[in-house]
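Notes follow once the structure below has been shown.
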Amino acid sequence: MPAKRGAVASSSKDAKRATWAVRRMPILGNQLDLERCPHCSVDRPNLGMQFEVATADYLGQNPRHWRVYRCTRCGGLVTGFAVAPNTTAIRFYPETARIDKSIPERARGYLQQSLNSLHTPAGAVMLAARAVDAMLKAKGFRQGSLYARIDKAAEDHAITEEMAKWAHDVRLDANEQRHADEEVPLPTPDDARRSLDFAMALRQFMFVLPARVQRGLGEAKPGPKPN
Ligand SMILES: [Zn+2]
Numbered sequence: 032m033p034a035k036r037g038a039v040a041s042s043s044k045d046a047k048r049a050t051w052a053v054r055r056m057p058i059l060g061n062q063l064d065l066e067r068c069p070h071c072s073v074d075r076p077n078l079g080m081q082f083e084v085a086t087a088d089y090l091g092q093n094p095r096h097w098r099v100y101r102c103t104r105c106g107g108l109v110t111g112f113a114v115a116p117n118t119t120a121i122r123f124y125p126e127t128a129r130i131d132k133s134i135p136e137r138a139r140g141y142l143q144q145s146l147n148s149l150h151t152p153a154g155a156v157m158l159a160a161r162a163v164d165a166m167l168k169a170k171g172f173r174q175g176s177l178y179a180r181i182d183k184a185a186e187d188h189a190i191t192e193e194m195a196k197w198a199h200d201v202r203l204d205a206n207e208q209r210h211a212d213e214e215v216p217l218p219t220p221d222d223a224r225r226s227l228d229f230a231m232a233l234r235q236f237m238f239v240l241p242a243r244v245q246r247g248l249g250e251a252k253p254g255p256k257p258n
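Residue numbers (this note's numbering): 32 to 258.
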């Protein structure tokens with residue numbers, strides 16, 4: 032049985048499944064068949080073509096056929112091009128965001144799930160908070176509330192002061208969502224996007240960039256040192 036996509040990743044196996052998306056280019060047809068809307072992340076979006084245009088470069092070469100599609104759920108536009116209509120798309124914009132593999136599996140699962148649930152903002156905020164929580168734990172920040180651990184991470188220079196300030200400007204308080212009372216307004220899609228943006232930036236700062244630097248250092252090494 033395939034994993035239910037809407038489910039919260041509860042084990043490393045589930046987290047692995049959460050990064051299910053397989054790179055597969057859709058056909059530039061009257062509908063664009065994407066797994067998720069790149070704007071609202073709704074599953075199997077209804078993307079109908081709105082208009083199309085054929086272009087070439089200034090020498091009349093590089094012919095491309097462009098089609099623009101609209102998500103009926105959120106109204107967001109997706110543009111794609113191919114060499115001819117009804118052939119496999121070469122690129123489409125915006126691309127569906129994907130979670131880099133250089134972050135811990137559990138955090139990756141939560142981030143992917145948060146991304147996939149942007150159309151349900153309260154869920155997306157909670158999942159972004161869990162991703163932040165998992166990333167901090169993976170770096171050894173385990174004591175106290177989420178915000179206290181973010182501040183500690185800044186104190187220890189694991190993140191910048193500005194990032195810690197940013198954290199306080201977004202909604203990450205999972206408890207606030209779980210025990211939501213009428214006093215606390217429900218998160219908006221903008222709140223969800225902001226929380227996810229922060230979690231994605233944290234991922235970039237704590238895991239993706241250091242991994243890239245390590246790879247760069249490895250490539251820069253002239254070879255084994257003579258001993
Ligand atoms: Zn959409």
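Even glycine gets a Cβ: it sits at the ideal position worked out from N, Cα and C.
If only uninterrupted alpha helix (DSSP H) runs of at least 4 residues are considered, those enclosed by the segment 152 to 219 are 152 to 169, 177 to 186, 192 to 200 and 205 to 209.
Contact check for Ile190 against Leu233 passes: the beta carbons are separated by less than 8 Å. Considering only Leu248, Arg224, Ile58 and Ala198, the residue with the shortest C-alpha distance to Phe123 is Ile58.
By the neighbour-count criterion, in which a residue is buried when 16 or more other Cβ atoms sit within 10 angstroms of its Cβ, Leu149 is buried. For Gln92, the secondary structure class from DSSP, reduced to helix, strand or coil, is coil. By a beta-carbon distance limit of 8 Å, Leu146 does not contact Ser226. Their separation comes to about 11 Å. According to DSSP, residue pairing for Val109 in a beta bridge involves Tyr100. By the neighbour-count criterion, in which 16 or more other beta carbons inside 10 Å mark a residue as buried, Arg224 falls on the buried side. Judged by beta-carbon spacing, Tyr100 lies within the 8 Å limit of Val109, meaning their Cβ atoms are closer than that value. Selection Asp182, Ala153, Lys170 and His188 evaluated against Pro216 yields Ala153 as nearest (Cα-Cα).
Beta-bridge partners assigned by DSSP to Tyr124: Thr110. With a contact defined as Cβ atoms closer than 8 Å, Asp222 and Arg243 miss out at about 30 Å. Around Ala195, the same chain offers Ile181, Asp182 and Ala185 as residues with beta carbons nearer than 6 Å, after the five sequence neighbours per side are excluded. Each residue's CA atom was taken as its position, placing Lys252 and Phe229 some 34 Å apart. Residue state for Glu66 is assigned as coil, using DSSP reduced to three classes. A Cβ-Cβ separation of about 5 Å places Pro218 in contact with Val156 under the 8 Å criterion. In the structure shown, Ala87 adopts coil according to DSSP, grouped into three states.
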